[in-house]
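Visitor:
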Amino acid sequence: MQHDEVIWQLIAHKHCSFRVKTQTQDFCRNANNVTGLCNRSSCPLANSRYATIREHRGRCYLYIKTIERAHTPKHLWEKIRLKKNYAQALAQISEHLAYFPKFLVHKNKQRLTKITQYLIRMRKLQLRVRPKILTVPAEEGEAAQEARGQGRGGRAAGQVDREGAARAPAGRHLRRHLQLPQPPVQQGAQGRGPHR
65 MQHDEVIWQL IAHKHCSFRV KTQTQDFCRN ANNVTGLCNR SSCPLANSRY ATIREHRGRC
125 YLYIKTIERA HTPKHLWEKI RLKKNYAQAL AQISEHLAYF PKFLVHKNKQ RLTKITQYLI
185 RMRKLQLRVR PKILTVPAEE GEAAQEARGQ GRGGRAAGQV DREGAARAPA GRHLRRHLQL
245 PQPPVQQGAQ GRGPHR
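Offset between the sequence shown (1-based) and the working numbering: plus 64.
(1) Can you tell me where the alpha helix (DSSP H) holding F91 begins and where it ends?
(2) Just how far apart, CA to CA, sit L74 and L168?
(3) Start and end of the beta strand (DSSP E) containing T116?
(4) Using three-state DSSP, classify L140 as helix, strand or coil.
(5) What's the C-alpha gap between C92 and R187?
(6) Quick one: Cα of H77 to Cα of R192, how far?
(7) For the candidate residues I179, V200, P165, R226, whose alpha-carbon lies nearest to that of S106?
(8) Can you grab the Cα-Cα spacing for the pair E142 / R194, in whole Å?
(9) Using DSSP's beta-bridge definition, name the partner residues of C124.
(10) Give me, in chain order, the residues of the same chain whose beta-carbon lies closer than 7 Å to that of C130; leave out the 5 immediate sequence neighbours on both sides.
(11) I need the straight-line Cα distance from L35 to A95, nearest angstrom please.
(12) T116: which of R226, G222, Q181, K171 sits nearest, CA to CA?
(13) Could you tell me whether the Cβ atoms of Q156 and L126 are closer together than 8 Å?
(14) Report yes if the C-beta distance between G122 and L176 is below 8 Å; otherwise report no.
Written as structure tokens, this is what we have:
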């Protein structure tokens, strides 16, 4: 048997994996939460009678949870497809949630309004003509940079070569960068190996 108050006490005072704490208030990441807030009245886990609106592939569905189906988690949520017409969908919500708390009915209607509005915006954006963005394949871009001498380290290597060539007459150069012949290494007095 499901005891809502016991479940809420555990969730509220212990640990809930859906809770996100901020400095001002707590939010809930559960997909079935109507408000998105973590409190007793809008928690889908701690309410045996609960309802929510969800959108799937452009259609809105009313999900209703009742205590009678708590023994089978697979069938816990009843899925009701709402009409595409906004006014008819509101009437469906009022009909199916006639004996639910007024808070829940109001929040479900608000959620339906929000989802309907963003679906309309999505359809408008799809109809709008936008320039197509093309990408340049990586190999072609790198080859063009190398041809211009601006590839990875291309400028830095050229700068090192110029500075090395300028220092070479003065004897202040790095032989390995310029690939100049190095003088033979002299053995130390004890014969330990080359000294640098």
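All C-beta atoms in this analysis are idealised placements derived from N, C-alpha and C, irrespective of residue type, glycine included.
Guide: With the given structure in hand:
(1) For F91, no alpha helix (DSSP H) run applies; the uninterrupted beta strand (DSSP E) run containing it begins and ends at 90-92, by DSSP.
(2) For L74 and L168, the distance between alpha carbons rounds to 22 Å.
(3) Looking at the DSSP string, the run of the beta strand (DSSP E) that includes T116 is 114-120.
(4) The answer is coil: DSSP assigns L140 none of H, G, I, E or B.
(5) Cα-Cα distance, rounded: 28 Å.
(6) Linking H77 to R192 through their CA atoms gives a straight-line distance of about 49 Å.
(7) Residue P165 is the option with its Cα nearest to S106.
(8) Cα-Cα distance, rounded: 40 Å.
(9) According to DSSP, which records beta bridges pairwise, C124 is partnered with E119.
(10) It is Thr, not Cys, that sits at residue 130 in the sequence shown. Same-chain partners within the cutoff: R113.
(11) Since the displayed the chain opens at 65 and closes at 260, residue 35 lies outside it and no answer follows.
(12) Among R226, G222, Q181, K171, the Cα nearest to that of T116 is on K171.
(13) Contact annotation: Q156 and L126 have beta-carbon atoms nearer than 8 Å.
(14) Result no, Cβ atoms of G122 and L176 do not sit closer than 8 Å.
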